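Worksheet: one structure, shown below.
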Amino acid sequence: MSNSNARRQANINAKKFDQLMKDIQRDVTRRSKNSKNLDIWLNKLGAYVNTNPFAPGGFKHTEIIGILENIMSNAKFKGLARGGTAELVKGVISENTMHYVTRMGDDMKNNLRKIAVDAYNQNMNPHQIAKKLQDEVQGLSKTRAKAIARTETMRANNLSNYVNAKLNMGAKSYKVISASDCCERCDRIYKNGKVWFDIDDLEYFPPLHPNCRCVVVFSTRTAAENNIGLNIEYENEIKSFQNNTSKLNHEVVTIFDNNGKKLLDMHKGSENRVSIPKNISDIGKSKGFGLSMHNHPSQVSIPSQGDIRNFIITKSQYGVVTGKNNYSITIIKNYSLANKRIDGILARYRIGMNNVKDEFVKNNSNIIKNIKKQYPNDPIKQNKELSHEFKNYAQKNHDKIVKQLNNELNRYDIDILLM
């Protein structure tokens with residue numbers, strides 16, 4: 001189902017659920033008329049106050065199943081064998097929806113019973129009690145019934161589209177399009193389709209909250225490829241730079257201004273440091289760089305703490321670090337924020353790297369034991385060997401490093417993409 005149709009169907013299902021709640025509201029009012037004492041009231045309202053009306057065997061279970069079937073009709077699976085993945089996903093959607101509906105039914109049962117008992121204890125007349133019961137059902141309809149219908153319809157649509165895109169289309173990433181009046185959280189996370197997520201990253205897969213109407217668009221390109229939005233000229237320049245520096249044992253830097261003009265070409269630095277001439281650096285500080293790239297002879301193509309600092313200070317639109325087999329792109333989305341919080345950013349960078357080192361130590365206890373055994377009384381050699389082993393680990397685990405760094409830096413609108 002198309003995303004626009006899904007939103008329309010979500011509203012239709014919300015109206016169906018609302019109509020069911022209005023039927024319950026009228027039924028509760030009708031049953032509660034002319035009740036002379038509490039026992040008569042509770043007896044007449046037994047279908048609502050003694051049992052969950054939506055649970056199996058409940059007074060309105062059949063109607064709920066009808067609404068559930070309407071919600072499930074949005075889960076269209078193309079080209080998938082019946083009984084396979086499609087049925088598993090449908091089962092998840094169905095169970096999820098029934099969970100929320102059943103909880104609402106339990107709350108309605110308990111609340112209606114409490115209202116009836118409390119009202120009688122307060123000597124309210126039947127008309128007043130009927131009004132309170134009516135208001136309770138009406139409130140549930142407005143706050144929860146419609147929300148469940150809308151939210152679960154969108155969940156069914158998004159999940160079925162996800163399965164189809166991943167298994168049939170070979171999708172590698174997705175973005176999320178929000179409604180024009182979306183909440184602050186969805187706007188901040190999704191940026192109305194400007195941010196792409198890896199196809200297996202479901203932490204922010206919509207719906208994020210009740211009444212969420214965000215829809216998903218899929219791509220066969222990776223999230224990194226979609227997020228950087230590099231023009232072809234820059235892509236070619238990066239690949240050429242990577243090829244030309246893959247065998248160097250010292251760092252070099254190439255810089256373009258925001259208009260695509262090359263300001264610096266293969267400017268030589270030391271084994272682990274590049275030095276940008278002051279006149280070029282001043283251009284970055286005042287106007288910003290379009291592309292700033294340098295190599296890491298260590299083949300660990302992850303920006304160092306110093307690299308992050310330089311990318312911030314020179315307002316580099318794309319900060320690239322290359323290695324032999326891959327490269328990273330650092331994107332800073334808010335230079336004003338980054339400049340103000342640069343010390344905090346670098347502190348967070350160190351936390352991220354320490355998390356990587358902790359993981360290395362945890363997963364390589366035998367290596368560490370052997371180093372200590374080999375150099376029992378020489379902490380300097382121990383640290384040297386440990387650094388060597390960590391370097392080897394880092395060369396093979398770029399993705400883990402990037403993940404830890406992004407966990408710390410994303411809060412400052414900084415993304416590191418591994419290409």
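Everything in the sequence shown is counted per UniProt numbering, starting at 1 for the first residue and increasing by one. Yeah, the Cβ is synthetic: ideal placement off N, Cα and C, and Gly gets one too. Quick caveat, the model's predicted, so the values are computed rather than measured.
DSSP on Y335, reduced to helix/strand/coil?
Here Y335 sits in helix by DSSP.
Could you tell me the alpha carbon to alpha carbon distance between V117 and N110, rounded to whole angstroms?
11 Å
Cβ shell of G284 (< 8 Å), same chain only, five flanking positions each side left out:
Closer than 8 Å at Cβ, skipping near neighbours: I255, I276, S292, I313, T314, K315 and S316.
If we require 3 or more residues per run, which beta strand (DSSP E) segments fall completely within the segment 258-321?
262-268 and 289-295
Residue interval of the alpha helix (DSSP H) (run including I367)
S365 to Q374
Does the segment 242-257 come within contact of the segment 199-207, defined as at least 3 CB pairs closer than 8 Å?
no
Could you tell me which residues DSSP pairs with S173 in its beta bridges?
D198 and S219
Which parts of the segment 115-151 are runs of the alpha helix (DSSP H), unbroken and 4 residues or longer, counting only runs that do not cross its ends?
126-140
Under the three-state reduction of DSSP, which class applies to Y204: helix, strand or coil?
coil
So N13 packs on I67, CB below 8 Å; how close in whole Å?
6 Å between Cβ atoms; contact.
Could you check what DSSP says for F256 in three-state terms: helix, strand or coil?
Reduced to three states, the DSSP call for F256 is strand.
V361, buried or exposed, once every other Cβ within 10 Å from all chains shown has been counted against 16:
exposed
Which residues in the same chain have their Cβ closer than 8 Å to the Cβ of D265, if we skip the five residues on either side of it in sequence?
T254
When you compare only the Cα positions, how much space is there between S178 and K132?
S178 and K132: Cα-Cα distance of roughly 37 Å.
With 16 other CB atoms within 10 Å as the buried threshold, where does G83 fall?
Any answer about G83 is weak, because its pLDDT of 49 lies below 50 and its placement is not dependable; what the coordinates show is given next. Exposed, by the Cβ-count rule.
Reduced DSSP category for N13 - H, G, I as helix; E, B as strand; rest coil
Here DSSP, grouped into helix, strand and coil, assigns N13 to helix.
Could you pull the start and end residues of the beta strand (DSSP E) that D415 belongs to?
I414 to L418
Could you check what DSSP says for I401 in three-state terms: helix, strand or coil?
helix
Which listed residue (Y48, P303 and E225) has its alpha carbon closest to that of Q134
Y48
Where the alpha helix (DSSP H) containing K391 begins and where it ends:
P379 to K396
Between the C-alpha atoms of C214 and A149, what's the straight-line distance to the nearest angstrom?
14 Å
Can you give me the Cβ contacts of residue 425 inside the same chain, cut-off strictly under 8 Å, excluding the 5 residues immediately before and after it?
The question about residue 425 has no answer here: the residues shown for the chain are numbered 1 through 419.
Using three-state DSSP, classify S180 as helix, strand or coil.
When DSSP states are grouped into helix, strand and coil, S180 belongs to the coil group.
Per DSSP, which one or two residues make a beta bridge with S328?
Answer by DSSP bridge pairing, in chain order: V321 and L418.
Among the residues of its own chain, which have a CB less than 8 Å from the CB of D343, if the five just before and after it don't count?
none
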